[in-house]
Amino acid sequence: MEKAASGSAIAIRFDGINKFYGAFHVLRDIDLTVRRGERIVLCGPSGSGKSTLIRCVNGLESYQSGLLTVDGIVADGKPKTVRSIRDRVGMCFQHFNLLPHLTVLGNCTLSPIHTHRVPRAEAEATALDHLARVRMEAHADKYPHQLSGGQQQRVAIARSLCLKPDIMLFDEPTSALDPESVAEVLDVMAQLAARGMTMLCVTHEMGFARRMADRIVFMEGGEIVEVASPQIFFSPAAQERARRFLSHIAPR
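Going left to right, the sequence shown walks through residues 2 to 253 as this note's numbering numbers them.
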């Protein structure tokens, strides 16, 4: 069994990962290697295990058997290990999880200042730089309730970037947004992808997957059914189950 060493070309490796919720087998013998700088889109019907899989990466979900390695660290579920992995992995959720009593700038600097002991001036300068990257620097003094859904998600992405992650996880980041806001967030994600960020993204935005993914992972029933390039996945050469799935999704 190959193990990823720190500084290697492997960012994440799933080796025979199994997870259960009681008697329900939610992840079944998952084998997947993600290389540094690679952009992976996970798709499939609801309940196929996509979100559970990426939540295992940063310790939001545990697994019962197999081996998961993140940036050379074996994800064993111990608190110290989880902290080390979260220092390297950023995550954006379907719901933005911004703290309502803090400004945009306060949300972005909270963890760097209080968890990582970054001096306030440095943390604020870094936050403003990342807010500029997502075109939200003009809103630094606003509160979350003063922003649209797309703006809040862009702030959430900036907040994750403030921790200088090597890997970004996206769990259906556009599913709660209106079409205009979806375009805003996908544009920011495309910019990250273009800069070489390692990305795992659970999404039904197949236009984004076609343009930006290096590989598409199709899951069903807790299993990986197909792993293919966009050229193959969106062609008649794709597996029949994947073609049926795509036939029910309107392109955007």
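Here a beta-carbon is modelled for each residue, glycine too, at the ideal position from N, C-alpha and C.
Since we're looking at a predicted model, the values are computed, not measured.
Sequence-distant Cβ neighbours of isoleucine 225 in its own chain, meaning closer than 7 Å and more than five residues away, are Ile31, Leu33 and Val218. In the three-state scheme derived from DSSP, where H, G and I count as helix and E and B as strand, methionine 137 is classed as coil.
Here the C-alpha atom of phenylalanine 209 lies approximately 15 Å from the C-alpha atom of leucine 170.
Residue environment: glutamine 153 is assigned as buried (16 or more neighbouring CB atoms within 10 Å of its CB, all protein chains considered). Residue Ile86 holds the alpha-carbon nearest to the alpha-carbon of glycine 60 among Leu164, Ile86 and Leu201. Annotation: histidine 26 is outside any alpha helix (DSSP H); the continuous beta strand (DSSP E) that includes it extends over 25-36. At a cut-off of 4 residues, the continuous stretches assigned as alpha helix (DSSP H) that sit fully inside the segment 139-167 are 150-162. As DSSP reads the structure, aspartate 16 sits in a beta bridge with Leu68. Within the same chain, Cβ atoms closer than 6 Å to the Cβ of valine 119 are found at Pro113, the five residues on either side in sequence being excluded.
Less than 8 Å divides the Cβ of glycine 150 from the Cβ of alanine 177. For the pair glycine 67 and glycine 17, the CB atoms are nearer than the 8 Å cut-off. Looking at the backbone, the Cα of alanine 157 and that of lysine 20 are separated by about 28 Å.
Within the model, the alpha-carbon separation for glutamate 173 versus serine 236 is close to 24 Å. Residue environment: proline 180 is assigned as exposed (fewer than 16 neighbouring CB atoms within 10 Å of its CB, all protein chains considered).
Within the DSSP secondary-structure output, isoleucine 225 pairs in a beta bridge with Met220. Rounded to the nearest whole angstrom, the CA to CA distance from lysine 143 to proline 46 is 37 Å. Annotated as proximal: alanine 128 and threonine 110, with beta-carbon spacing under 8 Å.
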